[in-house]
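Residue numbers (UniProt numbering), protein chains in the order written: chain S, 1 to 185; chain X, 1 to 185.
All C-beta atoms, glycine included, are put in the ideal place defined by N, C-alpha and C.
Worksheet for the structure shown next.
Number of protein chains: 2
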Amino acid sequence: MALRHALLAALLDRELSGYQLSKLFDLGASSFWHASSQQLYAELGKLEADGLLTGHEVVQQGRPNKRVFALTDAGRDELTRFTGAPTKPTSIRDDLMVKAYAEQAADPDTLIKQLEDRAAQSRAKAEFLAAQLEKLRGDKPEADFLASADNVGPYLAGTRGKMYHDDQAEWCEWAAAILRHRTTS
Amino acid sequence: MALRHALLAALLDRELSGYQLSKLFDLGASSFWHASSQQLYAELGKLEADGLLTGHEVVQQGRPNKRVFALTDAGRDELTRFTGAPTKPTSIRDDLMVKAYAEQAADPDTLIKQLEDRAAQSRAKAEFLAAQLEKLRGDKPEADFLASADNVGPYLAGTRGKMYHDDQAEWCEWAAAILRHRTTS
DNA sequence: CACATCATGTAACCAGTTACATGATTGG
DNA sequence: CCAATCATGTAACTGGTTACATGATGTG
Chain S
1 MALRHALLAA LLDRELSGYQ LSKLFDLGAS SFWHASSQQL YAELGKLEAD
51 GLLTGHEVVQ QGRPNKRVFA LTDAGRDELT RFTGAPTKPT SIRDDLMVKA
101 YAEQAADPDT LIKQLEDRAA QSRAKAEFLA AQLEKLRGDK PEADFLASAD
151 NVGPYLAGTR GKMYHDDQAE WCEWAAAILR HRTTS
Chain X
1 MALRHALLAA LLDRELSGYQ LSKLFDLGAS SFWHASSQQL YAELGKLEAD
51 GLLTGHEVVQ QGRPNKRVFA LTDAGRDELT RFTGAPTKPT SIRDDLMVKA
101 YAEQAADPDT LIKQLEDRAA QSRAKAEFLA AQLEKLRGDK PEADFLASAD
151 NVGPYLAGTR GKMYHDDQAE WCEWAAAILR HRTTS
C-alpha cells in the first residue's frame with residue numbers, strides 16, 4: 001500500500017473528486033508523489049471499500065456530475081498510524097537524468113532539446129507552486145503564517161516542491177549550455 | 001523496461017559487478033534512479049540473456065568471486081536509441097513528504113525526528129557526491145573539466161544529485177525547526 | 001566468535017503502467 | 001463543428017517489493 005496514504009493526506013482537510021485529485025497529483029504533488037489518473041480511480045474505489053473514505057455524488061449544472069471523497073475516522077486514524085511508521089527510502093526514477101549520465105551515447109542536439117523542454121516544464125511547475133504558496137499564506141509574512149496557521153503541512157510540502165522544480169530548471173539549463181558549448185567548439 | 005537503461009548507462013565506460021552496481025544505486029545514483037539489489041541481479045540476468053550485456057567471472061583472492069558485466073555493441077545501441085526516445089515524466093515517491101503534508105494528523109515529535117534523520121542521510125549523500133565530483137574533475141577547475149573532458153555525463157548527473165540532497169537536508173532542517181517551534185510555544 | 005562487508009540469487013505477491021473505452025459541456 | 005476541459009472508469013500486462021536463502025572473508 002503506497003498511494004493510499006498520499007490520497008488520505010490530500011483529503012485531510014477537504015473533499016475532492018477523482019478528477020480534482022488527478023490535477024493535484026499532476027501539478028502540486030508531482031514533486032513528491034507521482035500517480036496516474038487510472039491509478040487514482042482504482043485506489044479511491046479500494047479506499048472506499050476499506051472504509052477509509054466515503055464518496056458522495058455531487059450534481060453539477062453545466063458539467064458532468066462528480067463523486068467527491070472525504071476521510072472517515074478510520075481513514076484519519078490510518079493516516080496518523082502511517083505518519084508514525086518507519087519512513088521508506090525515497091524512490092526517484094528520472095529518465096532524463098539517466099540520459100544525461102549516458103551523454104556519451106546520446107545525440108547531443110536531441111539531448112539538449114530534452115533538457116530545455118524539461119527546464120520549461122519545471123519553470124511552469126515552480127511558478128504554479130509559488131502561486132499556491134502565496135494563496136496559502138494570504139497577506140501574512142511567511143514566518144507569521146508558519147508560526148500561527150493551523151495547517152502548515154501543505155505549505156511545507158509545497159515549499160520543497162518549489163525548491164525541487166527551481167533547481168531542476170536551473171540544472172537543466174546549465175547542463176544544456178555545457179553540452180551546447182561542447183558541440184559548437 | 002525501465003531499470004535496463006539505468007544499468008546500461010552505469011556500464012557505459014566500465015565493467016561492474018552486481019554488488020558494485022547495488023552500491024552505486026544506493027549511494028551515487030539514488031537521487032535519480034532507485035533500485036533494490038534483488039532487482040539488479042534479476043535485470044542483469046535478463047540483459048545478458050537479451051545480449052545487451054556480457055558477464056565474466058572474476059576470481060578474487062581474499063573475497064568471494066564476482067561476475068562483472070560489460071556492455072555489448074547491441075547494449076550500446078540500445079542505450080543510444082533510449083536517449084533519443086521521448087522522455088517519460090519523472091516518478092518520485094517520497095513518504096516523508098506525504099507525512100509532512102499530513103502534519104495535522106501526525107505526532108509532532110515523531111515527525112520532527114523523521115525529518116532530522118532524513119536531513120542527516122541527505123547530508124551524508126551530498127558529501128559522498130561532492131567527493132565523487134572532486135575525484136572526477138581531478139585538479140582542473142570545473143569549467144575546464146566540463147569543456148574538455150571526454151565523459152561529462154556522470155559529472156552532470158552527480159551535480160544534480162548533490163543539489164537534490166543539499167536541498168533535501170536544508171528543507172528537512174527548516175521544516176523540523178518550524179514544527180519544533182510550534183510545539184514549544 | 002560475532003559482526004560487517006562482500007557476493008548472489010529465488011519465489012510469491014502487489015503496485016503501477018499502458019492501452020482501451022466513454023461521454024458531457026463550454027468556448028472559439 | 002472541433003478542440004479543450006471535465007469526468008470516470010476497465011483489463012491486460014509488467015515492473016518492483018518483500019520475504020526468504022546462502023555462503024565466504026576480514027576485523028575487532
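What does the alpha-carbon distance come out to for the pair residue 127/X and residue 108/X?
Each residue's Cα considered, the two are about 29 Å apart.
In terms of residue numbering, what span does the beta strand (DSSP E) encompassing residue 31/X cover?
DSSP places residue 31/X outside any beta strand (DSSP E), giving it a letter other than H or E.
Would residue 93/X be called buried (16 or more neighbouring beta carbons within 10 Å of its own) or exposed?
Around the beta-carbon of residue 93/X, 16 or more other beta-carbon atoms lie within 10 Å, marking it buried.
With 16 other CB atoms within 10 Å as the buried threshold, where does residue 73/X fall?
It is exposed - the Cβ of residue 73/X has fewer than 16 other Cβ atoms within 10 Å.
DSSP three-state label for residue 37/S, please.
Residue 37/S falls in the helix class under three-state DSSP.
In the DSSP assignment, find the beta strand (DSSP E) that holds residue 93/S and state where it starts and stops.
For residue 93/S, the enclosing beta strand (DSSP E) starts and ends at 91–93.
Touch check for the stretch 39–52 of chain S and the stretch 80–90 of chain S: three-plus C-beta pairs under 8 Å?
No, the stretch 39–52 of chain S is not in contact with the stretch 80–90 of chain S.
CB of residue 101/S within 8 Å of CB of residue 85/X, strictly:
It is not a contact, given that the beta carbons lie outside the stated cut-off.
On the criterion of 16 or more Cβ atoms from any shown chain inside 10 Å, does residue 103/X qualify as buried, or is it exposed?
By the 16-neighbour rule on beta-carbons within 10 angstroms, residue 103/X is buried.
What does residue 79/X pair with, by DSSP beta-bridge criteria?
DSSP lists no partner for residue 79/X.
Does the stretch 27–37 of chain X come close enough to the stretch 141–157 of chain S to have 3 or more Cβ pairs within less than 8 Å?
Proximity of the stretch 27–37 of chain X to the stretch 141–157 of chain S falls short of the contact definition, fewer than three beta-carbon pairs being nearer than 8 Å.
Whole-angstrom distance between residue 46/S and residue 135/S, CA atom to CA atom:
Going by C-alpha positions, residue 135/S is about 32 Å away from residue 46/S.
For residue 115/S and residue 172/S, believed in contact at Cβ under 8 Å, the rounded distance
Confirmed, about 5 Å.
Check the C-beta distance from residue 69/X over to residue 3/X and give it rounded, since I have them as a contact under 8 Å.
The C-beta distance from residue 69/X to residue 3/X rounds to 13 Å, too long to meet the 8 Å contact threshold.
Tell me which residues of the stretch 92–113 of chain S have at least one Cβ-Cβ distance to chain X shorter than 9 Å, keeping chain order.
Going along the stretch 92–113 of chain S in chain order, one finds 92, 93, 94, 95, 96, 97, 98, 99, 100, 101, 102, 103, 104, 105, 106, 107, 110 and 111 with a Cβ nearer than 9 Å to chain X.
Delimiting residues of the beta strand (DSSP E) encompassing residue 66/S
Counting along the chain, the beta strand (DSSP E) containing residue 66/S begins and ends at 66–71.
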